[in-house]
Amino acid sequence: MDPDEFKPKIGLLLSVPLLALAVLAGYSALDWLFVEETGWIAIDQELVATWIPFAIAVLLAFAVVDPKVKILMIDLERVNLLYTLVAIATIAVPTIIAQHYVHAASGTLAHVDDARAIASKPCARYFQAGHVCLDRVNPAVDAVAEVGGRHNENLRFLLYIAVPLCGDDNGVRIGLRYTETVDNRLSDAEKDARYRAFIDRSREAFDSEDPARYTYLERLAPSAELRGFARALEKQGASTDAVIVVPHTDPFEQRMGNALGWMAGTFAAGVAVWLLMVLWPEVDPEKIRPRAETEEDSEMVAGVLGLLLLPRREDWGLALLLDVNILVYIAMAIAGLGVVSVQADDLIVWGGNYGPALHGLGWLRLIGSQFVHAGLMHVANNMYGLVFAGLFLMPVARNARLAGAYLACGLGGNIASAWLHPDIVSVGASGAIFGLYGILLALVALGDARLAEARPLIFVNGAIFVGLNLVLGLMTPGIDNAAHIGGLATGLVLGAAMFLIDRPRLGG
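Take any residue in the sequence shown, count from 1 to its spot, add 36: that is its number in this note's numbering.
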């Protein structure tokens, strides 16, 4: 191999292992220092242990690894994407496993004669109690049903029970959680029967709960589980400042499981696969370009990212809409409302469209709820649709007009949703995005010359997006088709209005 070709390949070979080691060591150290050991940063455990490492891996894979892969003699674009996915997995998976180890290994173990003394030891995470007595007379209870899966095909029942200790005035509660998942496509009667059976089984399990089996108790860190118990206390009217500890029946020494082994194994497997994938193809000499050309590519990528995420004087509409949606979601995640899913009560607090709350300043929910999302997949899917609709609309609606169209279409969708389903909490940008596609479809159908070149692509993508999502909304519980149809209708009207308003200026 020519030395000029050998050096870039060595750099590509080492890039993923070195990045994986750096992220694994650096992120784990920061997690231990600022979150687990000192508690200086109180952040959702799921966020810090899973989603932040995954986001870091994605950014590094696309920013650092993906440009280097282009030197290989690979013809298929999907094969190139496979390299990026392997890089993400090799960087993210060992780091995610490591955070679970860091969390389990951190914190001190305190020995108390009675579990009621736990509140007097604020620095400990784990407790071995000589005596635990459950006051089963008046526990705090919260029952939750949440949908999940790619198409909301799963319905999950959750029952949180915060049990006081016998004779406790210090606010220590034992947290017991019961859960079951059923098919969300069942009829309402079948789901109701499954729910009642779940409650009966949970009650039996609660009645037979034996504290003598507890080997140790764990104080909960900020997490979805802790929020569930806090909601139970709120509904009971009890103080949410209570210390929530969950019981474990396995030996304390086994709390970390085989996390270190899994961490080392996934790292080694990822590196081995990466090395084989890089060693197999040859380097394409024509793809080893001078530094100046590489810098031009970087500037082009930066320009695209800037167009999407950095508002500029000439192009700020789409970037502003994306930024507000993403920042609201990040704020909700940091506030501890959840990453994958958010409970309906929290969505209402953050401005969800909810009929009984539409009075006084509550009418602002018809606007604010357009920027609130119920979880990671919800916001990701909507931002994907917003990017394409916004880019297609740029020749017609770029800045203030694009933002105004988004708000108007979202308003139309939310009014339809509140009118037809006043008892349902509705959030998200989907009604507004349907409206933007409605504007596009109206302009294309009316023959707007500004969209002539992209007309086939707009028509096909818009028809697929609108048609597919409407069908999914009819077939899948939990999708608000009223907001979709209301937004689409508003967009069709706005599109026709834009065409008529702009036609004299364009000489039509």
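Cβ coordinates follow ideal geometry from the N, Cα and C atoms, glycine included.
Reduced DSSP category for residue i - H, G, I as helix; E, B as strand; rest coil
i, result
"I110", "coil"
"L479", "helix"
"H147", "strand"
"E489", "coil"
"Q81", "helix"
"S142", "coil"
"Y442", "helix"
"H284", "strand"
"I494", "helix"
"V218", "strand"
"V279", "strand"
"V208", "strand"
"R213", "strand"
"L170", "strand"
"L394", "coil"
"K271", "helix"
"T74", "coil"
With 16 other Cβ atoms within 10 Å as the buried cut-off, status of residue i
i, result
"V52", "buried"
"K45", "buried"
"S275", "exposed"
"F288", "exposed"
"M109", "exposed"
"L397", "exposed"
"H395", "exposed"
"R152", "buried"
"L48", "buried"
"A369", "buried"
"L530", "buried"
"N174", "exposed"
"Q406", "buried"
"D236", "exposed"
Supposed close pair residue i, residue j - CB separation, criterion 8 Å
i, j, result
"A155", "V199", "Not really, about 15 Å apart at Cβ, beyond 8 Å."
"M292", "Y162", "Not quite, the Cβ-Cβ distance comes to about 12 Å (not below 8 Å), so this is no contact."
"N418", "G464", "6 Å"
"V360", "A410", "17 Å between Cβ atoms; not a contact."
"V480", "I494", "5 Å"
Pair within 7 Å by beta-carbon distance, residue i and residue j
i, j, result
"L256", "L262", "yes"
"A91", "A123", "no"
"A478", "A532", "yes"
"A146", "A160", "yes"
"D102", "T120", "yes"
"G498", "L476", "yes"
"W310", "T126", "yes"
"A454", "G522", "no"
"N435", "G527", "no"
"Q81", "S259", "yes"
"D149", "G166", "yes"
Per DSSP, cross-strand counterpart(s) of residue i
i, result
"A176", "A198"
"A181", "F193"
"V548", "Not covered by the structure: residue 548. The range shown for the chain is 37 to 544."
"N389", "S462"
"F163", "A146 and L253"
"G62", "Partner(s): none; G62 has no beta bridge."
Below-7 Å beta-carbon distance, residue i vs any chain E residue
i, result
"I370", "Looking at the structure shown, chain E is missing, and only one protein chain is on hand."
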